[in-house]
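One structure is given here, and the rest of the page talks about it.
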Amino acid sequence: YVKPLHLFQNLVKSNASQGGRLLGLDVGDKYVGLAVSDLDNKIASPLSVLVRKKTNIDLVAHDFQSLISELSLVGFVVGYPFDRQRLAPDATQVKLFIDDLSETGKLDGLKFTFWDERFTSKNVELLIKPLSLHPVLAKTVVDKFAAVQILQ
1 YVKPLHLFQN LVKSNASQGG RLLGLDVGDK YVGLAVSDLD NKIASPLSVL
51 VRKKTNIDLV AHDFQSLISE LSLVGFVVGY PFDRQRLAPD ATQVKLFIDD
101 LSETGKLDGL KFTFWDERFT SKNVELLIKP LSLHPVLAKT VVDKFAAVQI
151 LQ
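Spelled out as structure tokens, the structure:
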């Protein structure tokens, strides 16, 4: 883990020499929404949604390993539900997921930071509500675009 400012400073140094993208993560109970930045790290775009199960952390880590090389990733920005009053159950879930992912050893030492994700999913849900999407499709759209908001 690094503080957001340190990740940004590393990114600026990295981009000056070789370039690289950031991956945004919206970690949920069943899915992980992914978004990726452009090479200049100015625009975030939705990427995909990974199925998350307690038993498939190695598969998820392998997917991340592939994304690291395919997209020239230099770091992760993970949505985290900050709450000054108490530790939210969602926060514990995000922390455990990142710890489990790190323990696989497949992240090539990439740095990550947490970013406040409160209301990201709710904002996307409100935006797509008029579209009347099928619930399964709506969930994947919400997860991907919540990751975009976290990264943007």
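At position 108 of the sequence shown the residue is numbered 108 (UniProt numbering), and the sequence of numbers has no breaks.
Positions of the beta carbon are idealized from the N, C-alpha and C atoms, including for glycine.
This structure is a prediction, so every number in the text was calculated from the model and none was measured.
- Would you mind reading off the limits of the alpha helix (DSSP H) that contains T113? Careful: T113 lies outside any alpha helix (DSSP H), inside the beta strand (DSSP E) at K111 to D116.
- Task: Would you be able to state if there are at least three C-beta pairs under 8 Å between the region 97 to 107 and the region 115 to 122?
- Result: no
- Message: I'd like to know whether the C-beta of V60 is nearer than 8 Å to at least one C-beta of chain D.
- Response: Included in the structure is just one protein chain, with no chain D present.
- Message: Am I right that G75 and L7 are in contact with their C-beta atoms under 8 Å? What's the rounded C-beta distance?
- Response: 5 Å
- Task: Check each candidate in L96, K54 and Q65 and name the one with the smallest Cα separation from K30.
- Result: K54
- Item | 3 or more residues per run - each beta strand (DSSP E) lying fully within the UniProt domain "YqgF/RNase H-like" (20 to 124) | 21 to 27, 31 to 37, 44 to 51, 73 to 80 and 111 to 116
- Is the number of C-beta pairs between the region 87 to 94 and the region 123 to 132 that are closer than 8 Å three or more? no
- With DSSP run on the structure shown, which of helix, strand or coil describes L133? coil
- Measure how close the beta-carbons of V78 and V27 come, nearest whole angstrom, since I'm counting them as under 8 Å. 7 Å
- Message: Here's a check: name, in chain order, each residue in its chain whose Cβ is nearer than 6 Å to the Cβ of F97, leaving out the five neighbours to either side.
- Response: V27
- Query: Where does V136 land, buried or exposed, given buried means 16+ other C-beta within 10 angstroms?
  - Reply: exposed
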